[in-house]
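Chains as they are written, first to last, in the numbering used here: chain A, 1 to 257; chain B, 258 to 514.
Cβ atoms here follow ideal geometry from the backbone N, Cα and C, with glycine treated the same way.
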């Protein structure tokens with residue numbers, strides 16, 4: 001007896017799915033010189049607000065690569081978040097590449113120019129052409145405020161363009177999050193399992209078969225020559241999640257016996 | 258006077274370019290539960306051996322997403338390295354997805370079956386169907402040895418399928434590296450610059466214009482409220498690299514004065 005039609009609950013859940021992708025832009029990540037630090041932060045935050053992060057791409061400071069990735073991701077997901085390449089130097093080409101991806105002109109945005117001019121005047125520094133680059137954005141873009149260092153990110157369509165420096169990225173993301181449509185929040189439970197995946201593979205698959213509305217993941221751990229597993233269950237309904245968690249615990253107890 | 262034709266050196270350099278992409282497979286990374294730890298290691302290693310890592314993608318444990326990414330990346334780059342999804346549990350679907358990407362059947366590979374059977378016999382553990390999953394690979398695949406926990410990865414075409422557990426990923430990668438065609442190694446120089454990118458944007462672009470054979474990147478740093486910059490130069494010819502590095506140092510000295 002297999003159910004093929006979606007129940008009303010499942011239909012409602014599908015309608016409420018909000019997805020996201022991240023695009024990390026920067027040669028320094030791909031060369032291994034700098035460890036990527038923003039994706040993990042974004043991932044945890046998206047999970048917390050019920051947005052399903054589906055994909056992360058890291059590309060180099062290459063216009064074609066950025067354009068292609070932006071267009072692929074914005075067509076597929078509710079939101080796209082980019083990090084990197086919006087500073088004042090010659091290798092900061094994100095604003096131009098994103099503008100081209102949208103087929104929009106990229107110009108110095110008047111309000112950003114004013115904000116930056118004021119900052120540099122206050123600091124007694126010249127507002128050079130290089131610094132003016134940081135005011136460039138596609139026509140019609142909306143600012144993303146930068147409380148750390150003023151130079152704004154921007155939003156165009158469903159794409160949020162943010163800085164790569166982690167302190168600035170996180171500050172920008174904090175200003176963006178309240179504007180997002182968020183999905184149905186999934187709750188999760190983690191169960192420590194002293195056995196390796198080889199031992200639990202079959203019984204865990206049997207539990208998964210019984211709870212098709214709960215996503216069960218198993219994450220192999222390797223510590224001092226010993227394998228163990230963290231089992232994580234995710235679901236939208238607490239009662240069902242507790243029931244499945246209990247089933248996993250019983251499964252482990254059965255193996256211990 | 259703009260040169261448009263490639264010099265003999267440039268042509269030779271282009272022929273020797275070896276590229277790579279990485280595909281990270283796993284819900285646990287995209288949910289933010291686990292921080293991705295293999296990409297940085299791969300990136301640094303590829304740079305060291307002269308392979309140009311051009312792209313990293315992270316996708317979920319979703320067959321369609323894996324197939325699409327594998328096919329996009331293997332068509333575009335010399336090598337593809339995957340991590341994750343080759344364990345014994347129901348959410349480990351990398352072997353099947355990669356087989357489908359190549360249009361090949363996925364079966365229990367006899368030598369892998371023997372190796373795993375011997376391991377479990379020695380440990381006095383049953384060689385269950387779940388454990389047998391770890392011997393699955395596409396027809397014609399070549400083993401990638403796993404000195405840590407025996408279950409092999411595999412290579413099919415230009416795609417190297419490896420484990421997600423960092424200790425195992427790194428061990429597998431160490432066995433793969435000597436088999437790779439490596440490119441012309443780029444040397445690099447890093448210059449500490451006490452100024453933010455806004456200050457150096459223009460003069461640095463001028464240096465870049467003079468040294469078109471040297472890739473100059475600038476990486477903004479933010480530390481205790483102060484912005485500074487690390488400038489990294491990369492090139493294949495040491496004399497030119499030294500010349501460009503000296504030009505960057507003089508540029509900074511000019512700003513200090």
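Chain B residues whose Cβ lies nearer than 7 angstroms to that of residue i
i, result
"residue 99 of chain A", "None at all; the shortest Cβ gap to chain B is about 19 angstroms."
"residue 263 of chain A", "In this structure chain A extends from 1 to 257, so residue 263 of chain A is not present and cannot be described."
Close-in-space but distant-in-sequence residues of the same chain around residue i (CB under 8 angstroms, 5 per side omitted)
i, result
"residue 373 of chain B", "384, 388, 389, 391, 392, 407, 408"
"residue 199 of chain A", "255"
"residue 320 of chain B", "350, 353, 354, 357"
"residue 293 of chain B", "281, 286, 315"
"residue 478 of chain B", "484, 485, 486, 487"
"residue 482 of chain B", "none"
Inter-residue Cα distance where the pair is residue i and residue j
i, j, result
"residue 223 of chain A", "residue 367 of chain B", "29 angstroms"
"residue 495 of chain B", "residue 448 of chain B", "15 angstroms"
"residue 228 of chain A", "residue 195 of chain A", "5 angstroms"
"residue 4 of chain A", "residue 217 of chain A", "A caution first: residue 4 of chain A carries a pLDDT of 38, below 50, which makes its placement in the model unreliable, though a value can still be read off. Approximately 23 angstroms between the Cα atoms of the pair."
"residue 510 of chain B", "residue 65 of chain A", "35 angstroms"
"residue 170 of chain A", "residue 59 of chain A", "20 angstroms"
"residue 197 of chain A", "residue 379 of chain B", "18 angstroms"
"residue 81 of chain A", "residue 375 of chain B", "48 angstroms"
"residue 268 of chain B", "residue 61 of chain A", "No answer about residue 268 of chain B holds up, because its pLDDT of 35 lies below 50 and its placement is not dependable."
"residue 400 of chain B", "residue 412 of chain B", "6 angstroms"
"residue 124 of chain A", "residue 329 of chain B", "50 angstroms"
"residue 21 of chain A", "residue 56 of chain A", "6 angstroms"
"residue 32 of chain A", "residue 43 of chain A", "21 angstroms"
"residue 180 of chain A", "residue 45 of chain A", "12 angstroms"
"residue 259 of chain A", "residue 141 of chain A", "Because chain A is modelled from 1 through 257, residue 259 of chain A falls outside the range shown and cannot be assessed."
"residue 394 of chain B", "residue 67 of chain A", "35 angstroms"
"residue 460 of chain B", "residue 167 of chain A", "26 angstroms"
"residue 386 of chain B", "residue 209 of chain A", "16 angstroms"
"residue 34 of chain A", "residue 247 of chain A", "43 angstroms"
"residue 377 of chain B", "residue 41 of chain A", "39 angstroms"
"residue 261 of chain A", "residue 284 of chain B", "Because chain A is modelled from 1 through 257, residue 261 of chain A falls outside the range shown and cannot be assessed."
"residue 205 of chain A", "residue 462 of chain B", "57 angstroms"
"residue 15 of chain A", "residue 207 of chain A", "With a pLDDT of 48 at residue 15 of chain A, under the threshold of 50, the modelled position of this residue cannot be trusted; read the value that follows with caution. Between residue 15 of chain A and residue 207 of chain A, the C-alpha separation is close to 27 angstroms."
Where residue i meets chain A, residues with beta-carbon distance less than 9 angstroms
i, result
"residue 314 of chain B", "55, 56, 57, 58"
"residue 479 of chain B", "148, 149, 165, 166, 167, 168"
Same chain, Cβ closer than 6 angstroms to residue i, five either side skipped, listed in chain order
i, result
"residue 19 of chain A", "52, 54, 77, 78"
"residue 307 of chain B", "439, 440, 441, 442"
"residue 396 of chain B", "361, 362"
"residue 476 of chain B", "487"
"residue 501 of chain B", "468, 471, 490"
"residue 369 of chain B", "392, 409"
"residue 83 of chain A", "24, 38, 162, 164, 169"
"residue 47 of chain A", "none"
"residue 174 of chain A", "none"
Beta-carbon proximity list for residue i, same chain, < 7 angstroms, skipping 5 on both sides
i, result
"residue 349 of chain B", "342, 343, 390"
"residue 241 of chain A", "187, 189, 214, 233, 235"
"residue 506 of chain B", "448"
"residue 433 of chain B", "401, 417"
"residue 157 of chain A", "74, 102"
"residue 1 of chain A", "The predicted model places residue 1 of chain A with a pLDDT of 35, which falls under 50 and marks its position as unreliable; any figure quoted below should be read in that light. None."
"residue 274 of chain B", "309, 440"
"residue 404 of chain B", "428"
"residue 326 of chain B", "280, 314, 316"
DSSP bridge partner residues for residue i (one or two, in chain order)
i, result
"residue 227 of chain A", "A/222"
"residue 79 of chain A", "A/20"
"residue 404 of chain B", "Partner(s): none; residue 404 of chain B has no beta bridge."
"residue 315 of chain B", "A/56, B/281"
"residue 138 of chain A", "A/106"
"residue 410 of chain B", "B/401"
"residue 216 of chain A", "A/233"
"residue 35 of chain A", "Partner(s): none; residue 35 of chain A has no beta bridge."
"residue 418 of chain B", "B/339, B/411"
Chain B contact residues for residue i, given Cβ-Cβ distances below 9 angstroms
i, result
"residue 83 of chain A", "Neighbours of residue 83 of chain A on chain B: none; closest Cβ ~12 angstroms, over 9 angstroms."
"residue 44 of chain A", "288, 289, 290"
Within chain A, the residues that residue i reaches when beta carbons sit closer than 8 angstroms
i, result
"residue 293 of chain B", "36, 39, 40"
"residue 432 of chain B", "Simply none; closest approach about 17 angstroms."
"residue 285 of chain B", "217, 219, 232"
"residue 484 of chain B", "149"
"residue 388 of chain B", "198, 201"
Within chain A, the residues that residue i reaches when beta carbons sit closer than 7 angstroms
i, result
"residue 330 of chain B", "By Cβ distance, chain A contributes nothing, its closest Cβ being about 11 angstroms from residue 330 of chain B, past 7 angstroms."
Members of the region 198 to 219 of chain A near chain B, C-beta cut-off 8 angstroms: Correct list: 198, 199, 200, 201, 202, 204, 205, 208, 215, 216, 217, 218, 219.
Within 9 angstroms of chain B by C-beta, residues of the region 84 to 95 of chain A in sequence order: When C-beta distances to chain B are compared with 9 angstroms, the residues of the region 84 to 95 of chain A below that value are 87, 88, 89, 90, 91, 92, in chain order.
Mind listing which residues of the region 359 to 385 of chain B have their C-beta closer than 8 angstroms to chain A's C-betas, in chain order? If you check each beta-carbon in the region 359 to 385 of chain B against every beta-carbon of chain A, the ones closer than 8 angstroms belong to 377, 382, 385.
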